[in-house]
Amino acid sequence: TADLLEARDLARSYTVRRGLLGRPTAVRAVDGISLRVARGETLGLVGESGCGKSTTARLVLGIEPPDTGSVIFDGNAMPPSGTAAWANLRRRMQMVYQDPLAALDRRLAVGVQIAEPLDIHRIGTAAEREERVAAVMAEVGLQPHHVARHPQSLSGGQRQRAVIARALVTNPDLLVCDEPISALDVSIQALVLNLLSDLQERLKMGMLFVSHDLRAVRQISQRVAVMYLGRIVEEGDPDAVLHEPAHPYTQALVSAIPHPGKTTSRVILQGDPPNPANRPTGCAFHPRCPVATATCRTETPELKPRRSDGRRVACHIAHGEAAAARAPALLET
Ligand code: SF4
Ligand code: MG
5 TADLLEARDL
15 ARSYTVRRGL
25 LGRPTAVRAV
35 DGISLRVARG
45 ETLGLVGESG
55 CGKSTTARLV
65 LGIEPPDTGS
75 VIFDGNAMPP
85 SGTAAWANLR
95 RRMQMVYQDP
105 LAALDRRLAV
115 GVQIAEPLDI
125 HRIGTAAERE
135 ERVAAVMAEV
145 GLQPHHVARH
155 PQSLSGGQRQ
165 RAVIARALVT
175 NPDLLVCDEP
185 ISALDVSIQA
195 LVLNLLSDLQ
205 ERLKMGMLFV
215 SHDLRAVRQI
225 SQRVAVMYLG
235 RIVEEGDPDA
245 VLHEPAHPYT
255 QALVSAIPHP
265 GKTTSRVILQ
275 GDPPNPANRP
285 TGCAFHPRCP
295 VATATCRTET
305 PELKPRRSDG
315 RRVACHIAHG
325 EAAAARAPAL
335 LET
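First residue of the sequence shown: 5, per full-length UniProt numbering; consecutive thereafter.
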């Protein structure tokens, strides 16, 4: 296939214990995720905290293994982590983390840390590495003299540029960004977002952009997938999904975006915030869904293309499979 990355039906549970003497319970963080990223394409993965999007990012990179499901990268099934074959593929897929200060080591100059992946994968001579680090620093907008600086003496934006430079130093085909701007000052978020967008286009990388920020996702992605409790509930063109969300959860997310100077009606989500330790039956969104029917409590909707326009959505009502009478009134509160 032409896909750079294909994840098939990934699932991952963790065992958690509530309280010191609580019984261990299996919690499904990711519950059957399939996604594709083409070369030169950015897929935005959006959802609230706890929906499983960071776990999905880690599964895609093989940082942790899925319980079931598989990852195909550039036509190859991901080999078991730690093997030479895995390291070879892993070099071509890199990650940008949320908090640059946590991702960097305060004891080391940033130049040394940017060179780290080259050392790990034994790429180039010392002179070649130095040259590559200088080139990639220029690419992300760092100055040559920053090479000897320690993370704590750089600004937040410069630190995130250093993290991005480290991810780019091996010339990856896929960049996975997990909330790459949410730990930054609001004043520099747009700069870093534009930088990522430019780099992705210029270097023709595939990108998986994980974020809770719908507006950032819309700006940077060619396709967006919305997650709720470990599953994708809607997927499509970002403008189409955000202008005319088909899934009631996406509708609620979109209506919660503040618009300056506009008094929009908001869909207030009722009920408890999603908790993977306590997954509702049927459609996991049903306790909070303003248009849920009896069917929704028992039958899990499948993610599939809508007949009218091919939009992928997992909702009985969006597919006309349940009484749809109340659906159009949702946004007119
Ligand atoms: Fe709401 Fe039912 Fe659609 Fe789930 S399947 S989003 S509960 S209408
Ligand atoms: Mg997260």
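All residues carry an ideal CB built from backbone N, CA and C; glycine is no exception.
If you're wondering where the values come from, they're calculated on a predicted model, not measured in any experiment.
With residue i and residue j assumed to form a contact (beta carbons below 8 Å), what rounded beta-carbon distance in angstroms separates them?
i	j	result
Gly73	Ala15	6 Å
Val228	Gly240	7 Å
Ala139	Ala113	Going by Cβ atoms, the distance from Ala139 to Ala113 rounds to 17 Å, so no, they are not a contact pair.
By the three-class DSSP mapping on this structure, what secondary structure does residue i have?
i	result
Gly23	coil
Pro70	coil
Ala229	strand
Ala328	Residue placement at Ala328 is flagged as unreliable, the pLDDT there being 46, under the threshold of 50; the coordinate-derived value follows with that caveat. Correct three-state label for Ala328: coil.
Gln98	strand
Met141	helix
Arg222	helix
Lys57	helix
Gly51	coil
Gly115	helix
Leu335	The predicted position of Leu335 is uncertain, since its pLDDT is 43 and thus under 50; no value can be drawn from it.
Asn282	helix
Val41	strand
Thr46	strand
Glu239	strand
Gly210	strand
Cys287	coil
To the nearest angstrom, how far is it from the Cα of residue i to the Cα of residue j?
i	j	result
Gly36	Gly286	15 Å
Phe213	Gly324	31 Å
Met211	Thr46	4 Å
Val144	Ala119	14 Å
Tyr253	Val295	10 Å
Arg43	Thr299	39 Å
His251	Val317	6 Å
Val34	Ala131	43 Å
Ile224	Gly26	43 Å
Ile76	Ala61	14 Å
Val20	Thr59	15 Å
Glu135	Gly115	11 Å
residue 353	Gly79	For the chain, the structure presents residues 5 to 337; residue 353 sits outside this window and is missing.
Ile127	Arg96	13 Å
Gly90	Thr297	As written in the sequence, residue 90 is Trp, which differs from the Gly given in the question. If I take the Cα positions, the gap works out to 46 Å.
Val230	Leu246	10 Å
Gly56	Arg301	22 Å
Ala11	Leu49	13 Å
Mind checking residue i: buried by the 16 CB within 10 Å criterion, or exposed?
i	result
Arg292	buried
Gln147	exposed
Arg330	At Arg330 the pLDDT is 46, less than 50, meaning the model places this residue with poor confidence and gives no usable figure here.
Asp123	exposed
Gly51	buried
Ala333	The pLDDT assigned to Ala333 is 43, lower than 50, so where the model puts this residue is not dependable; a value taken from the coordinates is nonetheless given after this. Exposed is the call here.
Glu68	exposed
Pro277	exposed
Glu183	buried
Given a cut-off of 7 Å on the beta-carbon distance, is the pair residue i and residue j in contact?
i	j	result
Arg163	Pro155	yes
Leu179	Met141	no
Pro262	Gln255	no
Ser38	Asp71	no
Ala169	Gln98	no
Ala194	Leu233	no
Val41	Leu9	yes
Leu105	Gln117	no
Val31	Pro284	no
Val100	Val167	yes
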